[in-house]
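First comes the structure, then the notes that go with it.
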Amino acid sequence: SDHMENICGYLMKYTNLVTGWQYRFFVLNNDAGLLEYFVNEQSRQLKPRGTLQLAGAVISPSDEDSHTFTVNAASGEQYKLRATDAKERQHWVSRLQICTQHHTEAIGKNNPPLKSRSFSLASQGSANSPGVQRRPSQNAVSFFNVGHHRLSTGKRVPIMQPDHLVDVREMMSQAEGQQKDLIRSIECLPVSGHLTSLDQDLLMLKATSMATMNCLNDCFHILQLQHASQQKGSLPAGTTINWLEPKISLANHFKNGAAQNFPAEINKPASVREEQSVAEPCQLTREPEEINPDEELEDICDDKEDDLGAVEEQRSVILHLLSQLKLGMDLTRVVLPTFILEKRSLLEMYADFMSHPDLFIAITNGATPEERMLRFVEYYLTSFHEGRKGAIAKKPYNPIIGETFHCSWRMPKGDVATDAGSNSSARSTSEQVTLSKDLEGPREPDCYTVRFVAEQVSHHPPVSGFYAECVERKMCVNAHVWTKSKFLGMSIGVTMVGEGVLSLLEHGEEYTFSLPCAYARSILTVPWVELGGKVNINCLKTGYSASINFHTKPFYGGKLHRVTGEVKQNTTNTVVCRVQGEWNSVLEFTYSNGETKCVDLTKLSVTRKRVRPLEKQGPFESRRLWQHVTESLRDGDIDKATEHKRALEERQRNEERLRAETETPWCTKYFLKEGDGWVYHKPLWKTVSAVQTQQTDTN
Numbered sequence: 001s002d003h004m005e006n007i008c009g010y011l012m013k014y015t016n017l018v019t020g021w022q023y024r025f026f027v028l029n030n031d032a033g034l035l036e037y038f039v040n041e042q043s044r045q046l047k048p049r050g051t052l053q054l055a056g057a058v059i060s061p062s063d064e065d066s067h068t069f070t071v072n073a074a075s076g077e078q079y080k081l082r083a084t085d086a087k088e089r090q091h092w093v094s095r096l097q098i099c100t101q102h103h104t105e106a107i108g109k110n111n112p113p114l115k116s117r118s119f120s121l122a123s124q125g126s127a128n129s130p131g132v133q134r135r136p137s138q139n140a141v142s143f144f145n146v147g148h149h150r151l152s153t154g155k156r157v158p159i160m161q162p163d164h165l166v167d168v169r170e171m172m173s174q175a176e177g178q179q180k181d182l183i184r185s186i187e188c189l190p191v192s193g194h195l196t197s198l199d200q201d202l203l204m205l206k207a208t209s210m211a212t213m214n215c216l217n218d219c220f221h222i223l224q225l226q227h228a229s230q231q232k233g234s235l236p237a238g239t240t241i242n243w244l245e246p247k248i249s250l251a252n253h254f255k256n257g258a259a260q261n262f263p264a265e266i267n268k269p270a271s272v273r274e275e276q277s278v279a280e281p282c283q284l285t286r287e288p289e290e291i292n293p294d295e296e297l298e299d300i301c302d303d304k305e306d307d308l309g310a311v312e313e314q315r316s317v318i319l320h321l322l323s324q325l326k327l328g329m330d331l332t333r334v335v336l337p338t339f340i341l342e343k344r345s346l347l348e349m350y351a352d353f354m355s356h357p358d359l360f361i362a363i364t365n366g367a368t369p370e371e372r373m374l375r376f377v378e379y380y381l382t383s384f385h386e387g388r389k390g391a392i393a394k395k396p397y398n399p400i401i402g403e404t405f406h407c408s409w410r411m412p413k414g415d416v417a418t419d420a421g422s423n424s425s426a427r428s429t430s431e432q433v434t435l436s437k438d439l440e441g442p443r444e445p446d447c448y449t450v451r452f453v454a455e456q457v458s459h460h461p462p463v464s465g466f467y468a469e470c471v472e473r474k475m476c477v478n479a480h481v482w483t484k485s486k487f488l489g490m491s492i493g494v495t496m497v498g499e500g501v502l503s504l505l506e507h508g509e510e511y512t513f514s515l516p517c518a519y520a521r522s523i524l525t526v527p528w529v530e531l532g533g534k535v536n537i538n539c540l541k542t543g544y545s546a547s548i549n550f551h552t553k554p555f556y557g558g559k560l561h562r563v564t565g566e567v568k569q570n571t572t573n574t575v576v577c578r579v580q581g582e583w584n585s586v587l588e589f590t591y592s593n594g595e596t597k598c599v600d601l602t603k604l605s606v607t608r609k610r611v612r613p614l615e616k617q618g619p620f621e622s623r624r625l626w627q628h629v630t631e632s633l634r635d636g637d638i639d640k641a642t643e644h645k646r647a648l649e650e651r652q653r654n655e656e657r658l659r660a661e662t663e664t665p666w667c668t669k670y671f672l673k674e675g676d677g678w679v680y681h682k683p684l685w686k687t688v689s690a691v692q693t694q695q696t697d698t699n
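Take the sequence shown: its letter number 234 is residue 234 in the UniProt record's numbering, and every next letter is one higher.
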């Protein structure tokens, strides 16, 4: 009691996935055992915006960072809070825990726990049901006998039979269906008139019903943990069962890691049941798979994203979503409407950056370091326009953790630009054939092959790794990208955090580069995409660098998609080339000798990638993984596409939750963590070095 001081101050409070974090003024009332919050300190004299009873609450510091913690009341209500630093968080957590323990013990003395009883819910409304046995004077703490969030080591918990869990799950399914019917009935009300869908009381009813279902799911989750532990033996002393994070989507979210033992719902499409029943990825083989290029066929898929009808029809959905977003809000965890999706994964979009493999391979044919830098800049600037499918700004699928994408390109050698003065272009044909056979087996002698692989290596934060190589030309590129999206009012901004490295092994050169930001503009009318920001390309060995600016359109006047840049020799600080134009139209290069070169991107030939048929792809390869979503979008069935998409995302959340409970780290398949980045597990620079060493030993 000496430490039970009343404290107050500002904390950030998490509301939901749409509203996000908001600053609120919190007051800990030790005498009453309450945690109250107000809009700001000035409104402290008014009625609190929210109040939590701390008796029986669980105060849990979060593992996601050193600032966040949660307050889980015995009633099921939860506050997710964030302090300014770790020290402030510890101050609040310790004071809240002291207050919670004091008031919990006081209630325990005044309200002895109920006698043990069966928790079977088969006989709904019977005298054994919790709602009947609970006395009006009892609160949730005395009912559940919650004294602390650590389990008592002296009591023996009665064994729960598996059929009890089945009964619980069936009743929860019924409750979830009723809750969904309630939400649907409210949302079907008109937006104007005597009783509207925006009525404050009805909105509160929607929120509380969802919170109730979330609380029931957490309780069910704890029962599953207890049942699983009882099958193995009693829980060790001091074991803590934590509450789950708040959830937005209720669809099937009670199907956590252990729920796969129960029968699947018969009212769901078989494809959805298949998406939800895939085993935990770490239990699948995570060994890298060698893709046979002979199984890959030229891609015939041509999904143009130029249909504006869906956007026009769903204008009200966009307006409703925008009304709940805040400026600067991080959209990483916001579930966006399905109708704005492209028919491809983000991993496949990265592959489309390689749609001009002739320009990519030609980089290493440059006779001098200057020419190679200039060729790389030309390839870099021409790689973006093919990444967009149509004029409308749609969003690719967010990759599922463990998702992969494989493809390749075959480029006739005669179509790749060479340099007559370059010794490298006159390399021994026999040397190329030997290296190709050692690394990849026989190939068509008149074609270069560029292989590409991408993998989603992290879910939070969302990080993708991708790698491409041309074995015959001893060149490869490795990159990792973390996409951070923010709401900017009438547009959405996506920052591409990460770095790529192009390795020209023939010359011993490495070129590091970054990626520009992307913006979806005019999201209420006809959305369109533009790039913005400054990127740099550097080659430490040669001393050449490039600085490129992607210009966003000014509010008044100005051109769209404008890009400018210059290439410099850092040692002499000499500009060897300047470039200007539009990244999706015409680029003009002006060299130091006065010569100019124009590249019309609209006339550049695009080489189709080669992809394995769906039936030969693994279950976590992008096109097979998202095939039902893609098919539904092609058919214009947005509801069905949303159902399939939700099933995939829910499965990912369940698997992530199970890994957290079992403390099982995620196992990547093709990329390894090195420092702050991700590197392909078998990069060409390691393989070439090993082959050359072997050839030296043989000689």
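Built from N, CA and C at the ideal position, the CB exists for glycine as well.
First and last residue of the uninterrupted beta strand (DSSP E) at residue i
i	result
R451	C447 to S458
Q78	Q78 to R82
H385	Element bounds for H385: n/a, residue is neither H nor E.
Q45	That residue, Q45, is in no beta strand (DSSP E); it is neither H nor E in DSSP.
L341	L341 to S345
R624	Run containing R624: none in the beta strand (DSSP E); it sits in the alpha helix (DSSP H), S622 to L625.
N29	W21 to N29
N549	Y544 to H551
residue 757	The shown model of the chain, from 1 to 699, leaves out residue 757, and the question about it has no answer.
G9	I7 to Y14
L531	W528 to C539
F513	E509 to F513
G565	R562 to Q569
G581	T574 to E582
F589	V586 to Y591
Residues sharing a beta bridge with residue i, DSSP
i	result
P412	C447
T51	E36
P61	F69
A479	F466 and G500
S192	Looking at the DSSP assignment, S192 forms no beta bridge with any residue, so it has no partner.
Y380	BP columns for Y380 are empty, so no partner.
Within 8 angstroms, strictly: CB atoms of residue i and residue j
i	j	result
R82	L28	no
E663	H459	no
H480	G493	no
Y511	C539	yes
K484	V497	yes
Q174	M213	no
S408	T449	yes
W583	V599	no
L46	V71	no
A518	A351	no
G508	K474	no
P516	G500	no
K343	T630	yes
V575	K568	yes
I363	V416	no
L347	E403	yes
N- and C-terminal bounds of the alpha helix (DSSP H) containing residue i
i	result
P357	P357 to A362
K640	I638 to T662
Neighbour-count burial assignment, residue i, 16 or more Cβ in a 10 Å radius
i	result
V606	exposed
K686	exposed
I98	buried
Q22	exposed
D358	buried
T104	buried
H561	buried
T572	exposed
Q276	At Q276, the pLDDT of 47 sits below 50, so the modelled position is not reliable; the number obtained from the coordinates is stated separately. Classification of Q276: buried, given that the 10 Å Cβ count is 16 or more.
G675	exposed
8 angstroms Cβ cutoff, residue i in contact with chain C
i	result
G50	Protein chain content of the structure displayed is limited to a single chain, and chain C is not contained in it.
Whole-Å CB distance - residue i paired with residue j, under 8 angstroms assumed
i	j	result
S585	E566	That pair is no contact at about 20 angstroms.
K100	L54	It is Thr, not Lys, that sits at residue 100 in the sequence shown. Indeed, because the Cβ distance is near 5 angstroms, the residues count as touching under 8 angstroms.
E5	N30	7 angstroms
E295	R612	5 angstroms
T68	K87	Contact flag wrong, Cβ pair sits at about 14 angstroms.
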